[in-house]
Amino acid sequence: MFTLAQARYLVATLRPRVDELIGIRADLAELRVDLAGPGVSALGGRAEVKALEARLHAVLEELNSHDIQVKGIAPVLLDFPGEREGRAVLWCWLEGDADVRWYHRVECGFAGRRPIR
Numbered sequence: 689m690f691t692l693a694q695a696r697y698l699v700a701t702l703r704p705r706v707d708e709l710i711g712i713r714a715d716l717a718e719l720r721v722d723l724a725g726p727g728v729s730a731l732g733g734r735a736e737v738k739a740l741e742a743r744l745h746a747v748l749e750e751l752n753s754h755d756i757q758v759k760g761i762a763p764v765l766l767d768f769p770g771e772r773e774g775r776a777v778l779w780c781w782l783e784g785d786a787d788v789r790w791y792h793r794v795e796c797g798f799a800g801r802r803p804i805r
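Read in order, the letters of the sequence shown are residues 689 to 805 in my numbering.
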């Protein structure tokens with residue numbers, strides 16, 4: 689369980705790793721498109737795809753090791769189990785957010801996101 693302050697701290701602390709994930713995701717997407725189309729890419733070939741996939745999985749494993757729930761990578765969506773007013777919630781951070789500013793009840797999912805006031 690995370691407090692809101694702990695979730696915010698982790699987002700700030702792990703931000704370089706999340707930024708790395710975003711870069712890997714973009715490189716991997718571009719490389720796959722290039723290899724599927726013309727068959728060549730300035731980013732490399734099959735070996736580079738495998739290396740990028742391994743780096744992506746390493747970043748995801750690191751995030752998971754902190755008990756963060758990675759709900760998506762395009763865009764990056766992170767949930768932190770917590771409690772608000774006696775209810776189980778997930779503090780929610782979405783790529784592009786400056787900070788953890790949303791939450792939702794566990795059973796409501798992303799559609800139930802509310803701003804933290």
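All C-beta atoms in this analysis are idealised placements derived from N, C-alpha and C, irrespective of residue type, glycine included.
Practice item. Tell me whether D722 sits in a helix, a strand or coil according to DSSP, three-state version. Key: helix
Review point. Under the three-state reduction of DSSP, which class applies to P763: helix, strand or coil?
Key: coil
Practice item. Please report how far the alpha carbon of L765 lies from the alpha carbon of A724, in whole angstroms. Key: 28 Å
Check your understanding: Which first and last residues belong to the beta strand (DSSP E) in which R793 is found?
Key -> 790 to 793
Exercise for review: Give me whichever residues DSSP pairs with C780 in a beta bridge.
Suggested key: Note: C780 sits in a beta bridge opposite D767, W790.
Point to revise | As assigned by DSSP and simplified to three states, the class of R801 | key: coil
Practice item. On a CA-only basis, which of G774, W781, R743 is nearest K759? Give me that one, please. Key: W781
Practice item. Within its chain, find whatever has a CB closer than 7 Å to the CB of R772; leave out the 5 residues flanking it on each side and keep chain order. Key: Once the five neighbours on either side are set aside, the close Cβ partners of R772 are Y791.
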